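Protein chains in written order, with this note's numbering: chain A, 1 to 325; chain B, 1 to 433. Here the structure comes first, spelled out in structure tokens, and everything after it is commentary.
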Amino acid sequence: MASKFITALIVVVVVPGVLVGYIWLTEQVLRVFSERMKPRIRPWLWLAPALGLLGLFLVYPMIGTIITSLQDKFGKKFVGLTNYAWFFGSDDALTALKNNLLWLVFLTLLTVGVGLLVAVLVDRVRYESVAKSVIFVPLAISMVAAGVIWLYMYNYNPPGSPQTGTLNAAIGAVGVGPIPWLQVEDFSVNTFMLIIVMAWMWTGFAMVIISAALKGINPELLEAARVDGATELQVFRGIIFPLLVPTLVVISTTMIITALKAFDVVYTMTGGNLNTNVVGTLMYQEMFRFGNYARGAAIAVVLLVAIVPIMFFNISRFRAQEAIR
Amino acid sequence: MTSRWRFITPVVALGLVLAACSGGNNTGSAPAGSGGGSLNGATVTVIGTWTDVEQTNFLAMVKPWEDQTGAKVKYQGTRSINDILAAGIPTGVLPDLAGLPGPGQMAEYANAGALKPLDDVLDVSTYTSETSPGLVKLGQVSGKTYGVFIKASIKGLIWFNPKLHDYSSSPPATWDDLKTQAKANQGNAKAIWCLGISSGDASGWPATDWIESILLRQAGPDVYNSWWQGKTKWTDPAIKQAFDTYMNDVVANTFGGGTNAVATKFDLAGDPLFASPPGCEFLHQASFITGLGKFAKAKAGTDYNFFPFPAINDQFKSAVEGAGDLFGMFHDTPAAKSLMKYLVTAPAQDIWVKAGGALSANKNATDYPDDISKRSAAILSKATSFVFDASDNMPTAMNAAFWTHMVSLTGGKETVDQALAALQKVAGDAYTQ
């Protein structure tokens with residue numbers, strides 16, 4: 001109990017004290033400099049703690065990961081690019097990479113496409129907020145829980161026994177199936193089944209943002225087009241869509257990054273079996289199951305390198321937009 | 001003024017968060033060596049694979065020790081114990097006592113210096129006299145004891161529903177006899193075998209048990225051991241024969257086929273035994289199945305019964321495959337030592353044995369609740385050659401690949417030759433590291 005009291009005291013008194021003390025200290029340090037230099041140096045001193053933490057928790061581990069990826073399994077000696085050679089030469093890793101590509105393309109298309117469709121359609125109905133809430137709700141569920149829920153949806157029982165899986169019960173009603181959804185490897189059907197789960201979660205997110213952008217379009221523009229005799233389709237293609245493009249790009253990049261980081265759904269639903277592994281689950285398996293930190297680190301670096309251009313694109317686009325404003 | 005406060009407020013909030021984070025740390029794992037005095041107030045952290053009923057049984061087992069010493073056991077049950085220990089060895093974040101995945105990992109952890117030897121913790125002469133020698137040996141690394149079996153099970157039992165046909169008077173003696181009798185007594189059962197190999201990210205392991213059961217009796221313990229040690233190749237004719245037997249005799253005669261086996265969770269695999277009409281005649285599973293699925297509610301002897309896996313090659317008929325919860329000690333605190341010493345004693349073991357679902361490695365624990373457990377225990381103590389689960393002994397990467405390929409093979413996505421070639425390729429990588 002006493003220790004808790006001391007902790008509380010530290011929080012309420014010491015922590016703010018230290019922070020205020022830091023500001024005071026920077027001012028003392030600044031006295032050394034001329035009046036002209038002060039405004040230039042002050043922001044850096046204020047930023048220093050944040051930059052320090054960023055370095056400690058982001059940059060330092062990143063460099064550590066890169067170093068680990070160049071070492072052997074035990075982290076004892078450097079082995080050059082062996083771990084990367086393993087990654088690009090292993091069937092398992094290449095399957096995971098291929099699956100990630102499917103995730104990237106189809107998760108993005110599904111969420112942005114359906115999100116756009118729903119946003120545009122519900123814009124014109126009275127029960128818009130209800131419809132949007134229903135589609136948005138899955139995002140509030142944890143991904144592991146979503147995986148478990150969809151395991152029930154995809155559940156398979158042998159032909160002739162009652163189908164307890166929603167999907168198999170539905171197709172059974174019209175005399176088809178049952179289909180073991182998560183086992184069909186042809187055309188990566190099982191991977192698509194996993195992508196659908198993720199799309200179910202993230203479509204609401206895309207929809208809400210697109211919908212907000214839609215509300216921001218000046219109605220006079222649309223009015224003018226309609227007065228000039230444009231059809232609804234022409235209005236959408238000629239005015240609404242071009243104005244939504246910046247928003248769609250931002251959401252797409254977010255979804256691409258989400259797809260590259262895919263893990264939870266695969267881990268809970270198939271465990272990466274039957275060729276459904278993605279890079280995230282492969283990394284987990286190498287590190288925590290096989291204890292091969294070097295290979296895990298190599299996979300992490302590959303993933304990082306894949307994400308960097310997307311981040312870069314996102315940031316440069318953001319800057320360009322800011323410049324216009 | 002206002003602008004300054006706007007800056008200060010988030011700072012205070014941040015401080016609160018930091019404090020909340022640090023607050024959780026002062027529950028420290030165990031008090032520093034109290035010099036052999038009273039253990040009152042000490043804590044022992046334990047991680048095991050036991051959840052639900054098994055967790056309750058384990059806690060019941062340690063209760064008398066807690067009452068006697070005043071120390072407390074902080075238990076966490078998890079299915080991802082491999083992952084936790086693999087992450088804990090390099091970082092040093094480890095429980096005091098933990099269930100170990102198998103003798104292979106035990107040796108690995110002991111050689112890494114993480115596991116503490118138990119020779120001065122246990123009463124060695126009592127321990128060795130009470131425990132079957134095969135199990136004592138499995139807990140040793142270069143002559144020192146690092147692991148003890150808290151509970152054991154024997155694998156490769158064949159469960160049946162006596163209401164369909166009672167095999168207990170004349171159990172099939174050989175594999176061929178089993179096949180003939182199964183055909184003759186099938187009645188209205190839809191298939192001969194029940195099979196379910198789904199188990200989260202460990203999916204496939206019940207099928208690896210099948211391969212092990214067949215191989216052990218087809219090729220014998222020597223081939224079996226050299227196989228998991230990586231000396232006998234996966235593409236070896238003896239291994240291929242075991243895989244072929246599994247595919248042709250088992251999967252081909254499975255309720256719902258291989259597809260259903262892949263989709264069915266292992267703990268519910270035996271449920272069709274109790275359906276009407278029955279989905280199958282037999283389920284191949286270790287003795288722990290009596291605590292799971294519909295077995296848990298059914299009555300031993302009248303609703304279900306078992307016979308030992310029949311001989312395939314007569315030469316190897318008394319070989320038994322078993323598994324067990326091997327326990328090791330990572331921190332030699334006085335409380336941890338005391339708990340370890342207590343856990344292997346007959347009175348402690350009897351508590352769990354009485355609750356059911358467990359066999360004791362200790363011969364003097366005899367409070368088995370039913371005939372089935374008693375017979376399993378007898379098989380355990382009589383076995384002339386005892387082998388541990390082969391897949392659990394393989395390097396983890398090999399084991400995981402074995403699981404994964406059993407899923408593909410059972411589901412009909414691979415041929416035996418493809419699976420074996422792929423496994424041999426993994427072996428080249430997994431054993432050399």
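A virtual CB, placed ideally from N, CA and C, is assigned to each residue, including glycine. Just so we're clear, the structure is a prediction, and the values are computed from it rather than from any experiment.
Subject >> Through-space distance from A:Lys-4 to A:Val-11, alpha-carbon basis >> reply: For this step, residue 11 of chain A is matched to residue 11 along the first sequence. For this step, residue 4 of chain A is matched to residue 4 along the first sequence. Looking at the two C-alpha atoms, the distance is approximately 10 Å.
Original post:
chain B beta carbons: is any one of them nearer than 9 Å to that of A:Thr-26?
Top reply: Start at 1 with the first residue of the first sequence, and residue 26 of chain A comes out as number 26. Interface annotation, A:Thr-26: not in contact with chain B, CB-CB separation never under 9 Å.
**OP:** State buried or exposed for B:Ala-13, treating a residue as buried only when at least 16 other CB atoms are found within 10 Å of its CB.
**Re:** Taking the first residue of the second sequence as 1, we reach residue 13 of chain B at position 13. In this prediction, B:Ala-13 scores a pLDDT of 42, lower than 50, which makes its location untrustworthy; the coordinate-derived value is nonetheless stated afterwards. It counts as exposed.
Original post:
Tell me which same chain residues have a C-beta within less than 8 Å of the C-beta of A:Ala-225, skipping the five on either side of it?
Top reply: The residue you call residue 225 of chain A lines up with position 225 of the first sequence. These residues qualify, in order along the chain: Gln-234, Val-235, Gly-238 and Ile-239.
Original post:
Applying a beta-carbon distance threshold of less than 9 Å, which residues of chain B neighbour A:Gly-21?
Top reply: As a first step, residue 21 of chain A is located in the first sequence; it is residue number 21 there, counting from the start. Result: empty, since nearest Cβ-Cβ is about 12 Å, beyond 9 Å.
**OP:** Anything in the segment 395-412 of chain B with a Cβ closer than 7 Å to a Cβ of chain A? List those residues in chain order, please.
**Re:** For chain A, the residues of the segment 395-412 of chain B that bring a beta carbon within less than 7 Å of one of its beta carbons are Thr-396, Ala-397, Ala-400, Thr-404, Val-407, Ser-408 and Gly-411, in chain order.
Original post:
Can you give the Cα-Cα distance for A:Phe-33 and A:Glu-27, rounded to whole angstroms?
Top reply: Position 33 of the first sequence, counted from the first residue, corresponds to residue 33 of chain A. Position 27 of the first sequence, counted from the first residue, corresponds to residue 27 of chain A. Cα to Cα, A:Phe-33 sits roughly 10 Å from A:Glu-27.
Original post:
Going by other Cβ atoms of all chains shown within 10 Å of its Cβ, with 16 needed for buried, is A:Trp-44 buried or exposed?
Top reply: To locate residue 44 of chain A, count along the first sequence from 1; it is residue 44. That one is exposed.
**OP:** Please state whether DSSP places A:Tyr-84 in a helix, a strand or coil.
**Re:** By one-based count along the first sequence, residue 84 of chain A stands at place 84. Residue state, collapsed to three classes: helix.
Original post:
For a contact meaning CB atoms closer than 9 Å, what does B:Ser-391 contact in chain A?
Top reply: One-based indexing of the second sequence puts residue 391 of chain B at position 391. Identification of chain A residues near B:Ser-391 by a Cβ-Cβ cut-off of 9 Å yields none; the smallest Cβ-Cβ distance measures about 14 Å.
Original post:
Where does B:Asn-188 fall in DSSP's three states?
Top reply: Within the second sequence, the letter at position 188 stands for residue 188 of chain B. Three-state result, B:Asn-188: coil.
Original post:
Would A:Asn-157 pass as a contact of B:Gly-257 if the rule is Cβ separation under 9 Å?
Top reply: The residue you call residue 157 of chain A lines up with position 157 of the first sequence. The residue you call residue 257 of chain B lines up with position 257 of the second sequence. Not a contact, by the Cβ cut-off of 9 Å.
Subject >> Per DSSP, cross-strand counterpart(s) of B:Tyr-246 >> reply: One-based indexing of the second sequence puts residue 246 of chain B at position 246. In DSSP, B:Tyr-246 forms no bridge with anything.
Original post:
Taking the continuous alpha helix (DSSP H) assigned at B:Ile-81, which residues delimit it?
Top reply: On the second sequence, position 81 is the one that residue 81 of chain B refers to. In the DSSP assignment, B:Ile-81 falls within the alpha helix (DSSP H) that extends over 81-91.
Original post:
What are the boundary residues of the alpha helix (DSSP H) that A:Ala-169 is part of?
Top reply: Along the first sequence, one-based indexing puts residue 169 of chain A at 169. Membership of A:Ala-169 in the alpha helix (DSSP H) is indicated by the continuous run 166-173.
**OP:** For B:Leu-216, name the three-state secondary structure that DSSP assigns.
**Re:** Your numbering for residue 216 of chain B matches position 216 in the second sequence. Three-state DSSP puts B:Leu-216 in a helix.
Original post:
Start and end of the beta strand (DSSP E) containing B:His-405?
Top reply: Counting from 1 along the second sequence, the entry for residue 405 of chain B is found at position 405. From DSSP, B:His-405 is part of no beta strand (DSSP E) but of the alpha helix (DSSP H) over 396-410.
Original post:
Who are the Cβ neighbours of B:Ser-29 in its own chain at under 6 Å, not counting the five residues just before and after it?
Top reply: For the purposes of this step, residue 29 of chain B is taken as residue 29 along the second sequence, with counting starting at 1. Legend: pLDDT at B:Ser-29 = 37, less than 50; position of this residue unreliable, no value from coordinates given.
Original post:
How many angstroms separate the CA atom of A:Ile-209 from the CA atom of A:Leu-107?
Top reply: Counted from its first residue, the first sequence places residue 209 of chain A at position 209. Counted from its first residue, the first sequence places residue 107 of chain A at position 107. If you draw a straight line from the Cα of A:Ile-209 to the Cα of A:Leu-107, it comes to about 17 Å.
**OP:** Please confirm if B:Ser-203 has its CB atom under 9 Å from at least one CB of chain A.
**Re:** Stepping through the second sequence from its first residue, residue 203 of chain B is reached at position 203. Residue contact check for B:Ser-203 against chain A: a CB pair falls below 9 Å.
Original post:
Using Cβ-Cβ distances below 8 Å, what residues of the segment 255-266 of chain B are close to chain A?
Top reply: Within the segment 255-266 of chain B, the qualifying residues are Phe-255, Gly-256, Gly-257, Thr-259, Asn-260, Val-262 and Ala-263.
Original post:
Taking the C-alpha atoms as reference points, what is the distance between B:Gly-356 and A:Val-279?
Top reply: By one-based count along the second sequence, residue 356 of chain B stands at place 356. By one-based count along the first sequence, residue 279 of chain A stands at place 279. Answer to the nearest angstrom: the Cα atoms are 42 Å apart.
Subject >> Per-residue contacts from B:Asn-82 into chain A (C-beta, under 7 Å) >> reply: On the second sequence, residue 82 of chain B is found 82 positions in, with the first residue counted as 1. What B:Asn-82 touches in chain A: Arg-289.
Original post:
To the nearest angstrom, how far is it from the Cα of B:Lys-297 to the Cα of B:Pro-369?
Top reply: Here the question's residue 297 of chain B lines up with position 297 in the second sequence. Here the question's residue 369 of chain B lines up with position 369 in the second sequence. Taking C-alpha positions only, B:Lys-297 is separated from B:Pro-369 by approximately 15 Å.
Original post:
What distance in whole Å lies between the Cβ atoms of B:Trp-175 and B:Pro-310, which are believed to be in contact at a cut-off of 8 Å?
Top reply: For this step, residue 310 of chain B is matched to residue 310 along the second sequence. For this step, residue 175 of chain B is matched to residue 175 along the second sequence. Sure, about 5 Å apart at Cβ, within 8 Å.
Original post:
Cβ of B:Gly-279 less than 9 Å from any chain A Cβ?
Top reply: The count along the second sequence starts at 1 and reaches residue 279 of chain B at position 279. Nearest CB-CB separation between B:Gly-279 and chain A: below the 9 Å threshold.
Original post:
Any Cβ of chain A within less than 9 Å of the Cβ of B:Ile-89?
Top reply: Locating residue 89 of chain B in the second sequence gives position 89, counting from the first residue. Under the Cβ criterion of 9 Å, B:Ile-89 is counted among the residues facing chain A.
Original post:
Over what stretch of residues does the beta strand (DSSP E) that includes B:Met-329 continue unbroken?
Top reply: Counting from one through the second sequence, the residue named residue 329 of chain B turns up at place 329. B:Met-329 -> beta strand (DSSP E) spans 319-329.
Original post:
Roughly how many angstroms separate the alpha carbons of B:Val-387 and B:Asn-225, rounded to a whole number?
Top reply: Residue 387 of chain B sits at position 387 when you count from the first residue of the second sequence. Residue 225 of chain B sits at position 225 when you count from the first residue of the second sequence. Distance between the alpha carbons of B:Val-387 and B:Asn-225: 8 Å.
**OP:** Please list the partners that B:Gly-200 has in chain A, where partner means a Cβ-to-Cβ separation under 7 Å.
**Re:** Reading the second sequence from its first residue, position 200 is the one you call residue 200 of chain B. Scanning chain A for C-beta atoms nearer than 7 Å to the C-beta of B:Gly-200 yields Gly-271, reported in chain order.
Subject >> Ordered list of alpha helix (DSSP H) runs contained in the segment 85-163 of chain A, each at least 4 residues >> reply: Taking only runs of at least 4 residues, the alpha helix (DSSP H) segments lying wholly in the segment 85-163 of chain A are 91-102, 108-122, 128-136 and 143-153.
Original post:
Interface residues of chain B around A:Tyr-156 at Cβ under 8 Å?
Top reply: In the first sequence, the residue the question calls residue 156 of chain A occupies position 156. In chain order: Thr-259, Asn-260 and Ala-263.
Subject >> Same chain only: Cβ atoms within 8 Å of B:Ser-3, ignoring 5 sequence neighbours per side >> reply: The residue given as residue 3 of chain B occupies position 3 in the second sequence. For B:Ser-3, the predicted structure reports a pLDDT of 42, less than 50, and the residue's modelled location is therefore unreliable. A value from the coordinates is still provided. Result list for B:Ser-3: empty, nothing under 8 Å.
**OP:** Thinking B:Ser-408 and A:Leu-282 are a contact (beta carbons under 8 Å), I'd like their distance in whole angstroms, please.
**Re:** Translated into the one-based positions of the second sequence, residue 408 of chain B becomes position 408. Translated into the one-based positions of the first sequence, residue 282 of chain A becomes position 282. B:Ser-408 to A:Leu-282, Cβ: 17 Å. No contact.
Original post:
Applying the criterion that 16 or more other CB atoms from any shown protein chain within 10 Å of the CB defines a buried residue, is B:Leu-103 buried or exposed?
Top reply: Taking the first residue of the second sequence as 1, we reach residue 103 of chain B at position 103. Per the sequence shown, residue 103 of chain B should be read as Pro rather than Leu. A residue is called buried once 16 or more other Cβ atoms fall within 10 Å of its Cβ, and B:Pro-103 is buried on that count.
**OP:** Kindly confirm or deny that the segment 193-203 of chain B and the segment 273-291 of chain B touch, where touching means at least three C-beta pairs closer than 8 Å.
**Re:** Result yes; three or more Cβ-Cβ pairs closer than 8 Å.
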